[in-house]
Every structure is written in C-alpha cells, then in structure tokens.
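Position one of the sequence shown corresponds to residue 0 (numbering that gives the first Met the number 0), numbered consecutively onward. For every residue, glycine included, the Cβ atom is placed at its ideal position computed from N, Cα and C.
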Amino acid sequence: MSERSEQYGYGHNGYIHYLTNPLNSFRTFFARRSLGFKDKYFYIFNLWFVCATVACMCSFVYSIQILVMNHDFFTSETLKLLLGVAIACYWFSLVQYLEHFPRFYLLIYTLKTGIPRVMQFFFGILPFFVGYALLGMTLFGNDQELFGTFTDTCCTLFAVVNGDSILDVFDR
0 MSERSEQYGY GHNGYIHYLT NPLNSFRTFF ARRSLGFKDK YFYIFNLWFV CATVACMCSF
60 VYSIQILVMN HDFFTSETLK LLLGVAIACY WFSLVQYLEH FPRFYLLIYT LKTGIPRVMQ
120 FFFGILPFFV GYALLGMTLF GNDQELFGTF TDTCCTLFAV VNGDSILDVF DR
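As structure tokens, then:
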C-alpha cells in the first residue's frame, strides 16, 4: 500500500478504516482535489446544524434567564422572543428528516429551488414598495390614521394591493 493511500485513511487491505480514526472521513473529504469550495463550505456550515445550534442557544439563554432572574415565563418581551426563535428553529430543523421520504422531498426540493427566485423578486420590488409607502405617508399621513406611521402605511398598502380592505381605505 502506498504512502498516499494511507494518508487518505485507507488501511493495509485498501478499505477505509473510519472506526479506528474518526477524523479520517473529515480528512479524506477535504483532501480530494475534485471538490470545490462550495462543497467544502456546505459540508462544514450545514443549514440544519446552524438552525439546531441557534435553537439550542436560544433555549439555553431563555432557561438561564428564567432560573437566574426569577421571571415569570411570559412577562419579558426578550424572553418571549428567545422562546419563539427557539421553538421556530426546532420545528425548522425537523424538516431535514422529511428529505428521506420521496413524497415529502418534492416539497423540500420545490422550496430549495423556488425560494432564491422569490427572494430575487422581493428584493427587486422592495425599493418601489418603500417609495410608494413613503409617498403615501407624506401625502395622507396627517389626514388618515391608516397612513400615520410607516408601519401602518406599509400594512395598509399591502392590504390594498392584495384587495383585502379597498373599501375601508377609500371610505375614510
């Protein structure tokens, strides 16, 4: 057996011996020349791992805050936010298990391919919507309570664009 094959984790009989040294799988993955930067990056920074880590950190900080400060569970807005982010990340991390079932993988694949295009559209239209909201706030902000603040203006314009409350806005 050559020195190069032992460097990549192969034993004396040519088989990979991961059980004797668990870092061999990591070493062989990064020692291959055919893998690009993107593959190596996604091997380390897996989305599911990041999501689970954020969930664990938020629930850890939430638990420490509850134990040390003797707060009630839902009194502080920060604690509510930490608990909400932790629960949402825990549920998002459950999606990784749906990839192993063919019927559910269609949904995951659709989301993986569709979300980047939707985000491109969203960020492309965002300057127009913000400009439209600022125009509505400056023109109607003094007269209408629906256009009093930027947040209210955005909510009102979004509802009008979707056709939800056209009569309510025009009747005032």
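Cβ separation of residue i and residue j, assumed to be a contact under 8 angstroms, to the nearest whole Å
i: GLU98; j: ILE86; result: Actually they are not in contact, since the Cβ atoms of GLU98 and ILE86 sit about 21 angstroms apart, beyond 8 angstroms.
i: PHE91; j: CYS50; result: 5 angstroms
i: TRP47; j: GLN119; result: Rounded, the Cβ-Cβ distance is 24 angstroms, inconsistent with contact.
i: CYS57; j: LEU81; result: 5 angstroms
i: GLY130; j: GLY140; result: At roughly 15 angstroms, the Cβ-Cβ gap does not stay under 8 angstroms, so GLY130 and GLY140 are not in contact.
i: LEU78; j: TYR89; result: Contact doesn't hold; Cβ gap of about 16 angstroms is too wide.
Start and end residues, alpha helix (DSSP H) containing residue i
i: LEU81; result: 76–92
i: PHE59; result: 46–68
Cutoff 8 angstroms: residue i Cβ touching any chain C Cβ
i: GLY35; result: The structure shown contains no chain C; it is built from a single protein chain.
Determine, using beta-carbon pairs with one atom in the stretch 119–136 and one in the stretch 146–160, whether at least three such pairs fall under 8 angstroms. yes
Kindly provide the ranges of any alpha helix (DSSP H) runs that are 4 or more residues long and lie completely inside the stretch 100–171, ordered along the chain. 101–139, 149–161, 165–170
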